[in-house]
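Beneath this line is the structure, given in structure tokens, with notes to follow.
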Amino acid sequence: MRAMILAAGRGERMRPLTDACPKPLLPVGGRPLIAWHLERLARAGIADILVNHAWLGERIEAALGDGRAYGVRLRYSAESPALETAGGIARALPFFQGRPFLVLNGDVWCDWDPARAARLAAAWPADRLAHLVLVDNPAHHPEGDFVLQADGLVAPRPDAGPGLDLRPDTGRDHPDGPGRTPAAAAPLPPTPAAAAPVLTFAGIGLYRPALFAGTDPDRPAPLAPLLRQAMAARAVDGERHAGRWVDVGTPARLAALDAALGGHAAGPGARPRAENRNRM
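Each step along the sequence shown adds one to the number in the numbering used here, with nothing skipped, and position 179 is 184.
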């Protein structure tokens with residue numbers, strides 16, 4: 006399996022920190038934010054990774070190089086202007102060789118195990134186009150994004166309008182999500198029978214190339230309309246991640262995560278303390 010890390014956002018809400026440093030390279034826990042993704046992907050056996058970039062993209066390439074320092078093989082997709090989530094993925098489609106692929110927002114920290122992605126894809130029903138990792142709604146986004154139904158399918162929030170924006174680096178603080186579980190893998194977390202919960206998209210997703218078949222790879226395009234169309238066709242499923250997840254969308258949340266990870270003392274497997282659990 007191959008993966009993509011979305012790193013093209015300007016990071017407006019992180020200014021002035023991002024005026025001279027791309028958001029994925031901001032240090033947290035003694036390493037660049039994006040390095041946590043790279044190290045987890047390497048441990049999961051996902052070595053072929055594409056990183057898209059736009060704002061200060063040359064600094065991302067200079068810092069990460071070919072990925073060998075992290076045990077992976079990196080390729081880059083430069084965008085000018087930034088193509089938004091769906092546009093950036095559409096441009097990268099040849100890299101995935103027609104197979105399901107994992108996408109992670111570069112501005113989130115999460116202890117979800119990427120090793121699940123290949124297991125999920127192996128047992129994924131053929132009619133599914135997307136699998137989204139969802140988390141409990143954080144204080145800064147209490148209304149959530151999507152409904153996780155008892156059958157594992159994902160549906161739009163009942164009161165959501167057509168303007169739902171899942172791009173990284175927007176005022177809505179959002180990302181994108183991953184795959185479905187085979188018999189040999191851990192089952193999906195159970196959904197409470199009382200009511201289907203409205204949850205927040207974690208910025209981690211497993212996708213089939215067919216979801217982006219009609220997207221122009223040279224024009225900006227958002228992800229939300231594609232997901233809504235696929236949800237209407239019952240082609241999107243998901244899971245509720247009960248572990249740690251942080252949307253590093255503001256300097257305050259960056260500082261809190263850095264403190265939770267113990268600064269330079271924290272290792273790749275370290276977890277934020279409970280009081281710093283954003284969007285949980």
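Even glycine gets a Cβ: it sits at the ideal position worked out from N, Cα and C.
All values derive from a computational prediction rather than experimental measurement.
| request: Please state if the CB of Gly14 and the CB of Asp150 are separated by a distance shorter than 8 Å. | output: For the purposes of this step, residue 150 is identified with residue 145 of the sequence shown, where counting begins at 1. For the purposes of this step, residue 14 is identified with residue 9 of the sequence shown, where counting begins at 1. No.
| task | Measuring alpha carbon to alpha carbon, tell me which of Phe101, Ala97, His58 and Ala95 ends up nearest Pro86. | result | Locating residue 86 in the sequence shown gives position 81, counting from the first residue. When each option's Cα is compared against that of Pro86, the closest is His58.
| Around the Cβ of Ala21, are there at least 16 other Cβ atoms within 10 angstroms (buried) or fewer (exposed)? | Reading the sequence shown from its first residue, position 16 is the one you call residue 21. In the sequence as displayed, the identity of residue 21 is Pro instead of Ala. It counts as exposed.
| Taking the alpha carbon of Arg7 as the point to measure from, which residue in Ala25, Ala97 and Pro29 has its own alpha carbon closest? | Stepping through the sequence shown from its first residue, residue 7 is reached at position 2. Minimum Cα distance to Arg7 is reached at Ala97.
| In or out: Pro147 buried (at least 16 other Cβ within 10 Å) or exposed? | The sequence position of residue 147 within the sequence shown is 142, counting from 1. Exposed.
| query | Do you know offhand how far Ala207's Cα is from Ile65's? | reply | Position 202 of the sequence shown holds residue 207. Position 60 of the sequence shown holds residue 65. The straight-line gap from Cα to Cα measures roughly 23 Å.
| Taking Cβ positions, are Arg78 and Ala52 nearer each other than 8 Å? | As a first step, residue 78 is located in the sequence shown; it is residue number 73 there, counting from the start. As a first step, residue 52 is located in the sequence shown; it is residue number 47 there, counting from the start. Yes, Cβ-Cβ distance for Arg78 and Ala52 is below 8 Å.
| task | May I have the straight-line CA-CA distance separating Ala126 from Leu61, to the nearest angstrom? | result | If you number the sequence shown from 1, residue 126 lands on position 121. If you number the sequence shown from 1, residue 61 lands on position 56. So the two alpha carbons sit approximately 33 Å from each other.
| request: Under 7 Å Cβ to Cβ from Gly168, same chain only, skipping five residues before and after it: list those, please. | output: As a position in the sequence shown, residue 168 is number 163, starting the count at 1. Residue confidence for Gly168 is low, a pLDDT of 43 falling below 50, so the modelled location carries little weight; the figure read from the coordinates is stated next. Around Gly168: no qualifying Cβ.
| message | In this structure, how does DSSP classify Gly210 when only helix, strand and coil are distinguished? | response | Translated into positions along the sequence shown, residue 210 becomes position 205. Note: Gly210 maps to strand in three-state DSSP.
| field | Continuous alpha helix (DSSP H) stretch holding Trp41: start and end | value | Position 36 of the sequence shown holds residue 41. Run containing Trp41: Leu38 to Arg48, per the alpha helix (DSSP H) assignment.
| message | Whole angstroms are fine: how far does the CA of Ala218 sit from the CA of Ala264? | response | Locating residue 264 in the sequence shown gives position 259, counting from the first residue. Locating residue 218 in the sequence shown gives position 213, counting from the first residue. Straight-line Cα distance between these residues: approximately 42 Å.
| request: Would you give the residue range spanned by the beta strand (DSSP E) that Glu244 belongs to? | output: Here residue 244 corresponds to residue number 239 of the sequence shown, with the count starting at 1. Its beta strand (DSSP E) spans residues Val241 to Arg245.
| Met19 and Thr205 look like a contact to me (Cβ under 8 Å); what is the Cβ gap, rounded to whole Å? | One-based indexing of the sequence shown puts residue 19 at position 14. One-based indexing of the sequence shown puts residue 205 at position 200. No, Met19 and Thr205 are not in contact; Cβ-Cβ is about 19 Å, not under 8 Å.
| message | Can you check which of these residues, Cys26, Gly34 and Gly93, is closest to Pro225 by C-alpha distance? | response | As a position in the sequence shown, residue 225 is number 220, starting the count at 1. Looking at the Cα atoms, Gly93 is the closest of the given residues.
| request: Assign Ile51 to one of three DSSP states: helix, strand, or coil. | output: Walking along the sequence shown from the start, residue 51 turns up at place 46. Ile51: coil per DSSP, three-state reduction.
| request: Provide the residue span of the beta strand (DSSP E) that contains Asp221, from first to last. | output: For the purposes of this step, residue 221 is taken as residue 216 along the sequence shown, with counting starting at 1. Note, Asp221: premise wrong, no beta strand (DSSP E); not H, not E.
| With a CB to CB cut of under 8 Å and the five nearest residues on each side skipped, what residues in its chain are close to Tyr75? | Here the question's residue 75 lines up with position 70 in the sequence shown. These residues qualify, in order along the chain: Ala40, Leu43, Glu44, Ala47 and Leu69.
| Under a Cβ-count criterion, where at least 16 other Cβ atoms within 10 Å of its own Cβ denotes burial, should Asn130 be classed as buried or exposed? | Walking along the sequence shown from the start, residue 130 turns up at place 125. It is worth fixing the name first, because residue 130 is Pro in this sequence and not Asn. Pro130 is exposed by the Cβ-count criterion.
| Under the three-state reduction of DSSP, which class applies to Thr205: helix, strand or coil? | Residue mapping note: residue 205 aligns to position 200 of the sequence shown, counting from 1. It is a strand residue.
| query | In three-state terms, what does DSSP make of Arg133? | reply | If you number the sequence shown from 1, residue 133 lands on position 128. Arg133: coil per DSSP, three-state reduction.
| Leu6: first and last residue of the uninterrupted alpha helix (DSSP H) it sits in | What you label residue 6 is simply residue 1 of the sequence shown in a count that begins at 1. First, the amino acid is wrong: residue 6 is Met here, not Leu. It is not in any alpha helix (DSSP H) - Met6 carries neither H nor E in the DSSP assignment.
| message | Bridge partners for Pro99 per DSSP, in chain order? | response | Sequence index remark: in the sequence shown, residue 99 carries index 94 (1-based). In DSSP, Pro99 forms no bridge with anything.
| query | Thinking C-beta only, is Ala122 closer than 8 Å to Leu211? | reply | Looking up residue 211 in the sequence shown gives position 206. Looking up residue 122 in the sequence shown gives position 117. Cβ distance < 8 Å, so Leu211 and Ala122 count as in contact.
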